[in-house]
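Number of protein chains: 4
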Amino acid sequence: MAPRRLQVAVAGLGRMGARHALNILNKTPRAEIVAAFSPDKNELQWGKQHLEPYGITLYDDYKKMLEHKGLEAVVISTATSVHAEESLQAIEKDLHVLCEKPLSTNVQICQNVVDAAAKKPHLKVMCGFSRRFDDSYQDVARKIEQGAIGRPTVVRSQTCDKQHPDPDFFVQYAAWSGGVFVDMSVHDIDLTLWYFGSSIVPKSISANGVVAILPGLKQHKDYDNAVGIVEFWDGRIAHYYASRMMTHGQEDVTEIIGTNGKLTVNLNPQKNLVNHYSKAGITREVPADYWGRFEPGFVKEANEFTAACLDNTPVPLEFQNAVKAVQIGAWLQEALVSGKQIRFDESGKRIDRANL
Amino acid sequence: MAPRRLQVAVAGLGRMGARHALNILNKTPRAEIVAAFSPDKNELQWGKQHLEPYGITLYDDYKKMLEHKGLEAVVISTATSVHAEESLQAIEKDLHVLCEKPLSTNVQICQNVVDAAAKKPHLKVMCGFSRRFDDSYQDVARKIEQGAIGRPTVVRSQTCDKQHPDPDFFVQYAAWSGGVFVDMSVHDIDLTLWYFGSSIVPKSISANGVVAILPGLKQHKDYDNAVGIVEFWDGRIAHYYASRMMTHGQEDVTEIIGTNGKLTVNLNPQKNLVNHYSKAGITREVPADYWGRFEPGFVKEANEFTAACLDNTPVPLEFQNAVKAVQIGAWLQEALVSGKQIRFDESGKRIDRANL
Amino acid sequence: MAPRRLQVAVAGLGRMGARHALNILNKTPRAEIVAAFSPDKNELQWGKQHLEPYGITLYDDYKKMLEHKGLEAVVISTATSVHAEESLQAIEKDLHVLCEKPLSTNVQICQNVVDAAAKKPHLKVMCGFSRRFDDSYQDVARKIEQGAIGRPTVVRSQTCDKQHPDPDFFVQYAAWSGGVFVDMSVHDIDLTLWYFGSSIVPKSISANGVVAILPGLKQHKDYDNAVGIVEFWDGRIAHYYASRMMTHGQEDVTEIIGTNGKLTVNLNPQKNLVNHYSKAGITREVPADYWGRFEPGFVKEANEFTAACLDNTPVPLEFQNAVKAVQIGAWLQEALVSGKQIRFDESGKRIDRANL
Amino acid sequence: MAPRRLQVAVAGLGRMGARHALNILNKTPRAEIVAAFSPDKNELQWGKQHLEPYGITLYDDYKKMLEHKGLEAVVISTATSVHAEESLQAIEKDLHVLCEKPLSTNVQICQNVVDAAAKKPHLKVMCGFSRRFDDSYQDVARKIEQGAIGRPTVVRSQTCDKQHPDPDFFVQYAAWSGGVFVDMSVHDIDLTLWYFGSSIVPKSISANGVVAILPGLKQHKDYDNAVGIVEFWDGRIAHYYASRMMTHGQEDVTEIIGTNGKLTVNLNPQKNLVNHYSKAGITREVPADYWGRFEPGFVKEANEFTAACLDNTPVPLEFQNAVKAVQIGAWLQEALVSGKQIRFDESGKRIDRANL
């Protein structure tokens, strides 16, 4: 008899949801996708074509999908605005949850989900930070653990997107994304929590940004380029750069500088192993988007989440981190928009407001 | 109803066979592995653990496996010495065949299989050259097609293995591998046929080798380092380097130099995107073996072979090439062992023997 | 008759002064070093051995050296604390001046020198920022000029020194260096003025630092790692990283991100063109210090300064920039030490003090 | 009193001669250029402008120049055809000689010069192989000496020139250059002698070439792309690639593969440290010619030759090597043109002719 497979449903069949659904269908041997939900007709149409033939039941009602017989776990990749509510409902139904980041752009709402999950420790609840499942970032974690660079002291990390051919794309996106630091840098912040330890306490947060190519962002108080610094109380610093202005492709780079060495990830982005020598010189192409860079990480994420559910082992990243990363992202975004530094005492209590 | 999946059996469950079996089980959505064969008890034991639970029937008799009900295709990854015979038997049974390279180290035997396949054009018969399914090599083919480098004129290609911790490993391997040019450079030769065109006719072949670290190779007339040149009648040249002496890892590099540009593949090998900065300088690791470099290619190979069978489309590489690549490899090996150049007339007829 | 050579004296024969003296002696064809000064006996001893044999007169009194017959120009590379006074005295004597950076760690004193020079427009007075004479940085300037990246919008630039074997070295240095931003990042700031234009007006300045490996720095209110952001009123941002903690060598990196492309300098530092492949992987070495990276720039600097003096052409960098770079460096240092953001109005007038 | 400077004359003021003259004038502190010779009016005109003003005497008669009072050394960079004769005359006059490579394209004539020099051991006579003075190649020699790669076993080395805008340029050059292996690969051969040891004895030599873009080469029995293998009796192999077809620039690459590691030089050519990120991807430029790659080597060569003459120390490369490198180049060229392998016995005596 074939080993039992985790019975999974996918909520949301947009760009990312469809990718999750196909990953579980085709590249997650220990999981079986049995149901999928979307509130959107076009997405359901896609599901009819690509999922229904495999016996996957489609729903246009999330709650009904949660009632699907035998269902054990839900992968949530609907709009960010409903991530938290749908997670809460799944937890309520005693289902494991893998939710796309962020749980919410609102920190308190994130915390509510974490609190709900904490009450059901038998459930595996995880927020999907794909870089945690990337070979290179995992190698860095291993090397740091082995002492390869001494004490990690400074993180420089950037998430830089290719300019979108449609100038409205990122502007519309900014209406609900929570801003560049919450939407993009949250990955860099999560890496910082990974490499510095999740107990680090911010001491001060500063940020600046410009609107260089997408004037429409101003209406949403967002920026197409932003830099920020987070200083921590234990003598460490992280600085971030987020941009939607790259012409060459996606360029997510991380450096971890320790007291006795340094590790870099993706300092020299490349689409594949080809170089083209021509009159222009020597040229290599770069992945156009995060999928071109992180696709294998998403597959690994689905597999590791499945294993944690089936084997009742811990999920690979603390759920609480998902709140902390959004919280720091939100503070950076606040510092960015207000132009004012935010400060904290050693317990992590914010103290700048009192000063002003 | 779920789309029909190709019913596949895998012959051989050694290192490579096990990988093929798992690829088809887990990473080839349109195929279903239904049976597996091995003459080896340990391999069958592995099958009992990893395949039988999924309803896959195990056989210790290849012919019986071919009788498996509903079987449509066989993936052959047994010892090279039986590749050809097993391929012929599968073709005889009207089964599609994906056979690991080489079909045989004997050119005539290779040709026999190709001839048998040619008589059954409804069958998909393919010899697995994994680089044909590698993103980077495919990108090179596309760029050449688009004229990015003018006329491809010189190929430099190398297959270099990491030194094996067990000095006997490669020596024992050499007993039946056909020699470095047949075993290793056959990949580089296949790439040459791809990029220069499969109709190219050799004009002369020269080769030299040394035994630098594995004296045991001498008893099998093999070498741990070998270089060879193949000159073609249409004004092109390929030169190859094969080595089993690398300390840093696997290093398979290809350059294609055209009249108006150059393309390189994997000139800077890397295990992942991490660099370590230390007192020694800046260091990156390198894949330890071909699996670390080409794993995604093997997955793509299984999927594309499956698609060709199900959709009745041409297999992605001409079967005849498999003979031609082995033939050129065997000539290089002969030139290597004899120390004498081999020559051909414009029709491809060998002329050096007559001269001597 | 051989063309006239500029009659030059060098003040200061310490590490950098000796290099300047030898550059002028051996690698600056249109200049002739005729005199040198040092207040230090050891340095004079070095001069006796390396300069006197070539007919160069040594002085232990700076003012007397200025009286050297026929003297036309002075290269000043004494201690930073006397740069300004010695520059003023040379200007007073109607001599061209090439002064090592910084003119002073005090902005007003810098300005005094610039003012004095402005009154004698026939004199060439230049503050030596060696990167201005580096092939790569000059190539970037040319490419920006040609529109290769659209409007330069974000500069990321770092000056990172190798850990000194003597832990006291940088601590003693910090006593008078003005702090990491004035001493190290001043180069990155000067590059920013070059690529953004020297008329840019800061809007806000923030900085943070840690003392990770050199606790002695605390007594001088300095840091071994510091990051800072300068936001400019015309919608541009620069962010800097200065460190004395590298284990691998000197790593000065600059990125200029434009609205339509990006340029990087030295993202992959290397000592030479050698890579070593070993069990550790693939390793390249890195220059140990700024001399290993910028030596050819210093030679070009001496030659271009000489040409400007002899041909009465403008010096290659505006002297006023030297003040502005130190000013921004000093503000960054102030923000670093105080932990408070500094703000400016559109005219460049500082406004944060009034607010607090 | 200033230390004595070597009194040097330069013969030939063409492209390379002019560079030598300026190097000695401006960048070789211990040498003084006192005379220069050219048989060419244009070259002499250049000398009038750039050398005469510095008191350098110009000659249109080589022999008269040799009589220049106080002359100690000659740098010969006239046409290859007169290198040997002019070297002999200078040796005859008891002058040190630095002669551009090759001494001659004729091996016997090379040997004559070496023999003449051997009779005057007080003279420093050197053939200029610029790579011997390149930092990276010197670093490789040092690392090999230190055992960094075990026993050097395989050399792969290429000299690849950029396509010349004038298609006739290389064709005319081929009339007297001795062919690609003598003209270009002689550098790679010299490196082989350096890293393998100058006592290595060839066992067999094979070569092939194509005329891909410069049909005019055929009249001179030359090729625009050529590959060759030299097998040595002590179990080592060198293989070479020479090309005049690069579009991207000069690309001289060397790999030395040892039994315990590998060293590469210039595997990733670059003009400077700039990378340009654009829609095309990430691009770096490449030096256009050997001067862009090796200029600092030529300066070091002039300085080290000068030091050897003044200090009576050995010149940095054995003069006999210059013959051996040309000899191997000539054999490769013969194998290339004839299409036949050349063979030698263990004493180095050629045995293939006897066999045929």
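In the order they appear, the protein sequences are chains A, B, C and D.
Mapping of the first sequence onto the UniProt record's numbering: residues 1 to 356, in sequence order.
Mapping of the second sequence onto the UniProt record's numbering: residues 1 to 356, in sequence order.
Mapping of the third sequence onto the UniProt record's numbering: residues 1 to 356, in sequence order.
Mapping of the fourth sequence onto the UniProt record's numbering: residues 1 to 356, in sequence order.
The beta-carbon is built from N, C-alpha and C at its ideal position, and this holds for glycine as well.
Within chain D, the residues that residue i reaches when beta carbons sit closer than 8 Å
| i | result |
| --- | --- |
| C:V274 | S136, D139, V140, K143, L263, T264, V265 |
| A:T105 | Correct list: empty, because the minimum Cβ distance to chain D is about 30 Å. |
Neighbourhood of residue i by C-beta, 6 Å cutoff - its chain only, sequence neighbours within 5 removed
| i | result |
| --- | --- |
| B:F319 | V114, A117, V125 |
| C:M65 | A9, A35, F37, Y59 |
| D:L356 | Caution applies to D:L356, whose pLDDT of 46 falls short of 50 and renders its modelled position unreliable; the value that the coordinates give is listed next. There are no such residues. |
| A:I109 | A84 |
| A:P303 | Residue identity check: residue 303 of chain A is Asn in the sequence provided, not Pro. Closer than 6 Å at Cβ, skipping near neighbours: T28. |
| A:Q270 | R284 |
| A:S177 | D183 |
| D:N112 | none |
| A:G47 | L13, A36, L58 |
Anticipated Cβ contact below 8 Å, residue i with residue j, distance rounded
| i | j | result |
| --- | --- | --- |
| C:I149 | C:G261 | 4 Å |
| D:G258 | D:R151 | 6 Å |
| D:K279 | A:H248 | 7 Å |
| A:G339 | C:S204 | 6 Å |
| C:I200 | C:D234 | 6 Å |
| D:V265 | D:S104 | Actually they do not touch by this definition, with Cβ atoms about 28 Å apart. |
Residues bridged to residue i (per DSSP)
| i | result |
| --- | --- |
| A:I205 | A:V230, A:I342 |
| A:T264 | A:E255, B:N275 |
| A:H239 | A:R156, A:I229 |
| A:V97 | A:V74, A:V125 |
| C:A11 | C:F37, C:I76 |
| C:M246 | C:K162 |
| B:L6 | B:A31 |
| C:I56 | Answer is none; C:I56 lacks a bridge partner. |
| B:V210 | B:N225 |
| A:G197 | Its beta-bridge partners do not exist; DSSP assigns none. |
| B:T283 | B:H276, C:T283 |
Close beta carbons around residue i, own chain, < 7 Å, minus the five adjacent residues each side
| i | result |
| --- | --- |
| A:K119 | none |
| D:K325 | Correcting the residue identity first, residue 325 of chain D is Ala in this sequence and not Lys. Here the set comprises V186, I189, D190, L193. |
| C:I351 | R343, F344, D345 |
8 Å Cβ cut-off: residues of chain C touching residue i
| i | result |
| --- | --- |
| A:R236 | V210 |
| A:Q341 | S206, K340, Q341 |
Cross-chain neighbours of residue i in chain B, by beta carbon under 8 Å
| i | result |
| --- | --- |
| D:M245 | T153, I257, T259 |
| D:Y241 | V154, R156, H239 |
| A:Y54 | A2, P3 |
Beta-carbon contacts of residue i that lie in its chain and below 8 Å, excluding the five residues immediately before and after
| i | result |
| --- | --- |
| C:A11 | G17, A36, F37, S38, Y62, M65, V74, V75, I76, S77, T78, E86 |
| C:C309 | L6, E72, A73, H96, K124 |
| D:Q341 | S204, I205, S206, A335, D352 |
| C:T254 | Y137, V140, V155, R156, S157, Q158, D188, L191, T264, V265, N266 |
Contacts of residue i in chain D (Cβ-Cβ under 7 Å)
| i | result |
| --- | --- |
| A:R284 | G281, I282 |
Chain-ordered chain A contacts of residue i [CB-CB under 8 Å]
| i | result |
| --- | --- |
| C:N225 | T153, V154, I237, I257 |
| D:H164 | Under the 8 Å cutoff, chain A gives no residues; its nearest Cβ is about 13 Å from D:H164. |
| B:N112 | Going along chain A, no residue has its Cβ under 8 Å from B:N112, so there is no contact; the nearest lies around 36 Å. |
Chain D contact residues for residue i, given Cβ-Cβ distances below 9 Å
| i | result |
| --- | --- |
| C:A148 | H276, S278 |
Residue i: contacting residues in chain B (beta-carbon distance under 7 Å)
| i | result |
| --- | --- |
| D:I229 | S206, N208, V227, I229 |
- Query: Quick one: any contact between the stretch 238 to 248 of chain B and the stretch 153 to 172 of chain B, if contact means 3 or more CB pairs under 8 Å?
  - Reply: yes
- Is there contact here, the stretch 283 to 290 of chain A with the stretch 211 to 231 of chain A, by at least three beta-carbon pairs under 8 Å? no
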